[in-house]
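Just so you know, we're using our numbering here: the sequence shown kicks off at 50 and counts up by one.
Ideal Cβ placement from N, Cα and C applies to all residues, glycine included.
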Amino acid sequence: MVQIYRKEYQTRSFLVRLAQDDDIDLRHSAALMISEASGLEAPVDCDRAREICFEYMTKSYSKSLYLYVSLLQTITGSDKPDEVINAETNPIRILFVVENPNIYKEDLIDIQLAYKHLKFAFNKEGNVLDFPDAFKRDVPMFAVEQLRKICVLLKDNEVKNQNNGILGFTSRPTIFIVVYRVIITVLVMMEIASNKQVIIKEIKSLINELVEDKIQLHPLLNDILFEGFNHHFDDDSKIIINNDEKFEKEFERLFLLSS
Numbered sequence: 050m051v052q053i054y055r056k057e058y059q060t061r062s063f064l065v066r067l068a069q070d071d072d073i074d075l076r077h078s079a080a081l082m083i084s085e086a087s088g089l090e091a092p093v094d095c096d097r098a099r100e101i102c103f104e105y106m107t108k109s110y111s112k113s114l115y116l117y118v119s120l121l122q123t124i125t126g127s128d129k130p131d132e133v134i135n136a137e138t139n140p141i142r143i144l145f146v147v148e149n150p151n152i153y154k155e156d157l158i159d160i161q162l163a164y165k166h167l168k169f170a171f172n173k174e175g176n177v178l179d180f181p182d183a184f185k186r187d188v189p190m191f192a193v194e195q196l197r198k199i200c201v202l203l204k205d206n207e208v209k210n211q212n213n214g215i216l217g218f219t220s221r222p223t224i225f226i227v228v229y230r231v232i233i234t235v236l237v238m239m240e241i242a243s244n245k246q247v248i249i250k251e252i253k254s255l256i257n258e259l260v261e262d263k264i265q266l267h268p269l270l271n272d273i274l275f276e277g278f279n280h281h282f283d284d285d286s287k288i289i290i291n292n293d294e295k296f297e298k299e300f301e302r303l304f305l306l307s308s
């Protein structure tokens with residue numbers, strides 16, 4: 050049964066990638082295949098086709114651990130946050146830039162879809178899947194440690210002294226994505242974490258350090274970090290940051306990523 054889940058999931062994932070291909074004909078063909086396989090009366094566009102694939106996979110494979118691991122891998126990605134940040138602060142001069150093989154693909158959309166449907170799958174009514182202890186304990190704590198590493202690196206003078214624009218270092222697309230991945234990994238794993246109180250304590254500590262050191266994240270990352278976690282805690286456990294303690298910049302609410 051696991052092999053069947055894996056093959057079906059991989060097929061759907063392949064169609065999701067095709068729906069983002071640079072070749073418009075491939076995108077439309079993938080969307081048409083997804084529409085027909087889903088029994089729709091009329092074909093949908095590529096973006097909706099991707100959503101349909103995620104919806105189908107989440108509803109159909111919620112009893113398989115493979116679904117949860119695969120969605121989590123989409124959220125976390127394969128890049129190490131500290132390596133991405135170090136590469137951005139200490140760029141290597143190269144003669145020829147390697148062209149992105151698929152400029153039409155938008156990683157943020159895949160990450161957001163994976164986050165949305167992984168959270169839904171965790172909370173799906175009747176979900177009785179017995180997750181391994183390591184999955185419920187170690188994955189959330191690993192993400193917290195990755196977030197701690199990021200916070201340490203953001204305090205580095207090399208980061209602070211660079212020309213980072215009005216929204217700071219984390220508005221750079223590669224940095225925004227890697228920080229976003231880590232934060233929402235912790236958030237989504239809170240749904241099943243076996244050590245929530247430990248995570249709450251760690252996140253509070255990290256937020257207090259950011260406030261004390263006046264480390265400014267991109268406004269959207271700030272909102273997710275400062276406010277997102279409060280939805281998981283009761284009133285006695287909420288993260289409370291006074292407005293006059295929060296470091297803010299002019300244009301703080303602008304949503305843009307610098308190039």
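Discussion item. If you follow the alpha helix (DSSP H) that Phe278 is in, where does it begin and where does it stop?
Written reply: No alpha helix (DSSP H) holds Phe278; DSSP gives it neither H nor E.
Worksheet item: Between the C-alpha atoms of Cys102 and Ile232, what's the straight-line distance to the nearest angstrom?
Response: Cys102 and Ile232: Cα-Cα distance of roughly 25 angstroms.
Practice prompt. Excluding the 5 residues preceding and the 5 following Ile273 in the sequence, name in chain order all residues of the same chain whose CB lies nearer than 8 angstroms to its CB.
Written response: Cβ within range, chain order: Tyr229, Ile232, Ile233, Leu236.
Discussion item. Is it buried or exposed, Gly217, if we count other Cβ atoms within 10 angstroms and call 16 or more buried?
Written reply: Its Cβ being crowded by 16 or more others within 10 Å, Gly217 is buried.
Item to complete: Assign Thr60 to one of two classes, buried (16 or more other C-beta atoms within 10 Å of its C-beta) or exposed (fewer than that).
Response: Flag for Thr60 reads exposed.
Practice prompt. Only counting runs of 4 or more residues, tell me where the alpha helix (DSSP H) segments fall wholly within the region 175–247, in order along the chain.
Written response: Taking only runs of at least 4 residues, the alpha helix (DSSP H) segments lying wholly in the region 175–247 are 182–203, 206–209, 222–238.
Worksheet item: Is Val118 buried or exposed, if buried means 16 or more other CB atoms sit within 10 Å of its CB?
Response: By the Cβ neighbour-count rule, Val118 is exposed, with fewer than 16 other Cβ atoms within 10 Å of its own.
Worksheet item: Using the beta-carbon count (16 or more within 10 Å), is Pro18 buried or exposed?
Response: Outside the displayed range of the chain (50 to 308) lies residue 18, so it cannot be described from this structure.
Fill in: Cβ neighbours of Tyr110 in the same chain (closer than 8 angstroms, five flanking residues each side left out)
Excluding residues up to 5 positions away in sequence, Tyr54, Glu57, Tyr58, Leu116 lie with their Cβ nearer than 8 angstroms to the Cβ of Tyr110 in the same chain.
Worksheet item: How is Ser87 classed by DSSP in three states: helix, strand or coil?
Response: DSSP, read as helix, strand or coil, puts Ser87 in coil.
Practice prompt. Starting from Tyr164, follow the alpha helix (DSSP H) in both directions and report where the run begins and ends.
Written response: From DSSP, the alpha helix (DSSP H) with Tyr164 extends over 156–172.
Discussion item. Taking its Cβ as the centre, do 16 or more other Cβ atoms sit within 10 Å of Phe63, making it buried, or is it exposed?
Written reply: By the neighbour-count rule (16 or more Cβ atoms within 10 Å), Phe63 is not buried but exposed.
Discussion item. Quick check: the Cα distance between Glu155 and Asp94, rounded to an integer number of angstroms?
Written reply: For Glu155 and Asp94, the distance between alpha carbons rounds to 16 angstroms.
Worksheet entry | Distance, Ile241 Cα to Asp70 Cα | Asp70 and Ile241: Cα-Cα distance of roughly 34 angstroms.
Worksheet item: Which class does Ala68 belong to by DSSP, given the choice of helix, strand or coil?
Response: If DSSP states are grouped into helix, strand and coil, Ala68 belongs with coil.
Discussion item. Measuring only the C-alpha atoms, how far is Asp262 from Asp187?
Written reply: Between the alpha carbons of Asp262 and Asp187 lies a gap of roughly 28 angstroms.
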